[in-house]
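Colleague:
Protein chains in written order, with the working numbering: chain H, 1 to 306; chain G, 1001 to 1236.
1) Would you mind telling me which residues of chain H sit closer than 8 angstroms to residue 1012 of chain G, beta carbon to beta carbon, in chain order?
2) List the residues of chain H that residue 1237 of chain G touches, going by C-beta distances under 9 angstroms, in chain order.
3) Considering only residues of the region 1096–1157 of chain G, which uninterrupted alpha helix (DSSP H) runs meet the minimum length of 4 residues and lie entirely inside it, listed in chain order?
4) Excluding the 5 residues flanking residue 1194 of chain G on each side, which residues of the same chain have their C-beta closer than 6 angstroms to its C-beta?
5) Is the region 236–243 of chain H close to the region 63–71 of chain H, with three or more CB pairs under 8 angstroms?
6) Assign residue 37 of chain H to one of three DSSP states: helix, strand, or coil.
7) So what's residue 229 of chain H in DSSP terms, helix, strand or just coil?
8) What residues from chain A crowd round residue 1105 of chain G, counting only those whose CB sits closer than 9 angstroms?
9) Examine chain G for any beta-carbon lying closer than 8 angstroms to the beta-carbon of residue 306 of chain H, and answer yes or no.
10) Under 8 angstroms, Cβ to Cβ, is there at least one residue of chain H near residue 1088 of chain G?
11) With distance defined between alpha-carbon atoms, name the residue in H:217, H:84, H:30 and H:31 nearest to residue 158 of chain H.
12) For residue 1077 of chain G, return the contacting residues in chain H, with the cut-off set at a CB-CB distance below 7 angstroms.
13) Output, in chain order, the set of chain H residues within a Cβ distance shorter than 9 angstroms of residue 1082 of chain G.
14) So, using beta-carbon positions, are residue 1189 of chain G and residue 1052 of chain G closer together than 8 angstroms?
15) Report, in whole angstroms, the separation of the C-beta atoms of residue 1092 of chain G and residue 187 of chain H, which I expect to be a contact under 8 angstroms.
16) Which ranges does the beta strand (DSSP E) cover as unbroken runs of at least 3 residues, wholly within the region 1004–1028 of chain G, from first to last along the chain?
17) Could you tell me whether the region 1073–1089 of chain G touches the region 1140–1152 of chain G, using the rule of 3 or more Cβ pairs below 8 angstroms?
18) With distance defined between alpha-carbon atoms, name the residue in H:201, H:78, H:292 and H:267 nearest to residue 10 of chain H.
19) How is residue 1206 of chain G classed by DSSP in three states: helix, strand or coil?
20) Please classify residue 272 of chain H as buried or exposed, where buried requires at least 16 neighbouring CB atoms within 10 angstroms.
21) Should residue 1167 of chain G be labelled buried (16 or more other beta-carbon atoms within 10 Å of its own) or exposed?
22) Measuring only the C-alpha atoms, how far is residue 255 of chain H from residue 52 of chain H?
23) Just to confirm before moving on: does the CB-CB distance between residue 1021 of chain G and residue 1008 of chain G stay below 8 angstroms?
24) Counting contacts by CB-CB distance shorter than 8 angstroms, is residue 122 of chain H in contact with chain G?
25) Cβ closer than 9 angstroms: which chain G residues qualify as neighbours of residue 170 of chain H?
26) Just verifying my parser: in three-state terms, what is the DSSP assignment at residue 302 of chain H?
27) Could you give the DSSP three-state label for residue 292 of chain H: helix, strand or coil?
28) Determine the DSSP secondary structure at residue 88 of chain H, reduced to helix, strand or coil.
29) Taking DSSP's pairing of strands, which residues face residue 127 of chain H in a bridge?
30) With DSSP run on the structure shown, which of helix, strand or coil describes residue 1222 of chain G?
31) Are the C-beta atoms of residue 303 of chain H and some chain G residue less than 8 angstroms apart?
32) Using only the heavy atoms of the ligand GDP, determine whether one of them is closer than 7 angstroms to the beta carbon of residue 1052 of chain G.
33) Give the single residue among H:122, H:72 and H:85 whose Cα lies nearest to the Cα of residue 232 of chain H.
34) Can a CB atom of chain H be found closer than 8 angstroms to the CB of residue 1102 of chain G?
35) Spatial neighbours of residue 149 of chain H within its chain, please: C-beta separation below 6 angstroms, excluding the five flanking residues on both sides.
36) Please state whether DSSP places residue 1195 of chain G in a helix, a strand or coil.
Rendered as structure tokens:
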């Protein structure tokens, strides 16, 4: 049970990052390898913002400085959105007509750049992320049950942010003019052009969306796990990518679902087999999907791909 | 002045010259057809006009404006809508959304009269608005592709092989509808393999052979021309 709560909460971050992979893949068929590292930079933006606002350590802080968290998440969302857009502009746009391998390698290059920016920015050792959320466990404090199962304020915080963000994204894709343009570009970019859609702008917008979600996930991750390090992006990125493949890459609903499934799987593996088996569980799953159902869980329902 | 003018256009695929100096005009209110066999350059001509392909030499002018410098996503705003070969509807969007995409470039947002017009022309489309476009039959998809193009309120409608893959009854229906759209004032440039049907509704026609125009005349005269009859109408 405890593993399930942890799994769902972790699944929420993974899902938000996975959405960034799947959105980009859906529209230009690029695996954006730099996306996990974008998320890592997002946690650094949050850390730096909180430090600048005087909350770098929780010493002397009483109560949760909500306003500072709002500023931090907005900073990370804007930073990651803009940076992702710039990366597309600089490193992927020119290669759009090149063979598929070229932008992929370019994305790996961007990933290296991001990692080294992170290294330069916060150094090689893990950084402590301030623990600013209330230490409140609903199960014991609200219901008076003293079990191993905890559903803390942190879990609530993550889900209360992540789920509305996902629903918001679904709404943008389904109902807005830009969302419809995104779907049109994803299905047939040449025809989209003929409809009068500015395809470059739509692709930029898609990168911004993916970045914004990664930025939001960054604050949640930091506050939940209370640490970050410049290599964070690699593992987080691989997990999120696996989640996106699990759901059916290019499928937005699938990425969200895949995130939660993967989060659960990871935490169940940790609980029942031990922490050293976590990545084994995750990547075995990736291999199994690729062998038996390469289109992912919702691969058939490509209609929902953005 | 002609509404649409193609003047000495050479279009290449890589190093292969697909159009070797095509010139044609389409006057306001006409149906003009391009006929010719596979690979003659009919589709390439339409795609060059639509801005998907860029000519290496020559110009395309719409109402005296040079289109070869206009970005592809602005062509529809110049009054040209394209119903392409293979229909290329957005299969995973609803029928209604497909029609909305057709009107994407328009600034006025009241689409009610345009929806009504499409429903009147193609009553079957109206019954399927909520359906995914990919689930439509071939004939319905063709109607949707034409309807989508009409939603842009173009001055010229480019139609590429509207009869492709359709049962004879449906071909009949689609051509009747094209004629009806034309009577309502729409200028049409029609590319067809089915030369017989195309010449029966067109005012004028051009015959293409390996990237060149080899013959042009009024549709009745082309239909009577011996070369056309032998090569494209399958008559002895």
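Positions of the beta carbon are idealized from the N, C-alpha and C atoms, including for glycine. Predicted model, so just to flag it, every value in this text is computed and none were measured.
Modeller: Judging by the given coordinates:
1) Looking up residue 1012 of chain G in the second chain gives position 12. Within chain H, no residue comes near residue 1012 of chain G; the closest Cβ sits about 16 angstroms away, beyond 8 angstroms.
2) Because chain G spans 1001 through 1236 in this model, residue 1237 of chain G falls outside it and cannot be assessed.
3) 1112–1121, 1123–1127 and 1138–1150
4) As a position in the second chain, residue 1194 of chain G is number 194, starting the count at 1. Once the five neighbours on either side are set aside, the close Cβ partners of residue 1194 of chain G are 1163.
5) no
6) Numbered from 1 along the first chain, position 37 holds the residue referred to as residue 37 of chain H. Correct three-state label for residue 37 of chain H: helix.
7) Taking the first chain and counting its residues from 1, the one referred to as residue 229 of chain H is at position 229. The answer is coil: DSSP assigns residue 229 of chain H none of H, G, I, E or B.
8) This model lacks chain A altogether, as its protein chains are H and G.
9) Indexing the first chain from 1 puts residue 306 of chain H at position 306. Residue placement at residue 306 of chain H is poorly supported in this model, since its pLDDT is 37, which falls under 50; the coordinates are not used for a value here.
10) To locate residue 1088 of chain G, count along the second chain from 1; it is residue 88. Closer than 8 angstroms: yes.
11) Taking the first chain and counting its residues from 1, the one referred to as residue 158 of chain H is at position 158. Of the candidates H:217, H:84, H:30 and H:31, the one whose C-alpha sits nearest the C-alpha of residue 158 of chain H is H:217.
12) The residue you call residue 1077 of chain G lines up with position 77 of the second chain. The contacting residues are 196.
13) Locating residue 1082 of chain G in the second chain gives position 82, counting from the first residue. Within chain H, the residues near residue 1082 of chain G are 191 and 194.
14) Mapped onto the second chain, residue 1189 of chain G falls at position 189. Mapped onto the second chain, residue 1052 of chain G falls at position 52. For residue 1189 of chain G and residue 1052 of chain G, no; Cβs fall outside 8 angstroms.
15) Taking the first residue of the second chain as 1, we reach residue 1092 of chain G at position 92. Taking the first residue of the first chain as 1, we reach residue 187 of chain H at position 187. That pair is a contact at about 6 angstroms.
16) 1004–1013 and 1016–1026
17) yes
18) Translated into the one-based positions of the first chain, residue 10 of chain H becomes position 10. Nearest option by C-alpha distance: H:267.
19) Reading the second chain from its first residue, position 206 is the one you call residue 1206 of chain G. Reduced to three states, the DSSP call for residue 1206 of chain G is strand.
20) Locating residue 272 of chain H in the first chain gives position 272, where the first residue counts as 1. Result: exposed.
21) Walking along the second chain from the start, residue 1167 of chain G turns up at place 167. By the neighbour-count rule (16 or more Cβ atoms within 10 Å), residue 1167 of chain G is not buried but exposed.
22) The count along the first chain starts at 1 and reaches residue 255 of chain H at position 255. The count along the first chain starts at 1 and reaches residue 52 of chain H at position 52. Between residue 255 of chain H and residue 52 of chain H, the C-alpha separation is close to 34 angstroms.
23) As a working mapping, residue 1021 of chain G is identified with position 21 in the second chain. As a working mapping, residue 1008 of chain G is identified with position 8 in the second chain. Yes, these two residues count as a Cβ contact at 8 angstroms.
24) Residue numbering aside, residue 122 of chain H sits at position 122 when the first chain is read from its first letter. No, residue 122 of chain H does not count as interfacial toward chain G.
25) Along the first chain, one-based indexing puts residue 170 of chain H at 170. Ordered by position in chain G, no residue passes the 9 angstroms Cβ test against residue 170 of chain H, which lies about 15 angstroms from the chain.
26) The residue given as residue 302 of chain H occupies position 302 in the first chain. Low confidence applies to residue 302 of chain H: its pLDDT is 44, below 50, so where it sits in the model is not reliable, and the reading given next is rough at best. Helix.
27) Within the first chain, the letter at position 292 stands for residue 292 of chain H. In this structure, residue 292 of chain H counts as helix in the three-state DSSP scheme.
28) What you label residue 88 of chain H is simply residue 88 of the first chain in a count that begins at 1. Correct three-state label for residue 88 of chain H: helix.
29) Taking the first residue of the first chain as 1, we reach residue 127 of chain H at position 127. Beta-bridge analysis with DSSP links residue 127 of chain H to H:228.
30) If you number the second chain from 1, residue 1222 of chain G lands on position 222. In this structure, residue 1222 of chain G counts as helix in the three-state DSSP scheme.
31) As a working note, residue 303 of chain H is residue 303 in the first chain. Residue placement at residue 303 of chain H cannot be trusted, given a pLDDT of 42 that sits under 50; the coordinates are not used to answer.
32) Ligands displayed in this structure: none; no statement on the ligand GDP is therefore possible.
33) Along the first chain, read from residue 1 onward, the residue named residue 232 of chain H stands at position 232. Of H:122, H:72 and H:85, the residue nearest in Cα terms is H:122.
34) Locating residue 1102 of chain G in the second chain gives position 102, where the first residue counts as 1. At least one chain H Cβ lies under 8 angstroms of residue 1102 of chain G.
35) Sequence index remark: in the first chain, residue 149 of chain H carries index 149 (1-based). Excluding sequence neighbours, residue 149 of chain H sits near 1, 2 and 139.
36) Here residue 1195 of chain G refers to the residue found at position 195 when the second chain is read from its first residue. Of the three classes helix, strand and coil, the one that applies to residue 1195 of chain G here is helix, per DSSP.
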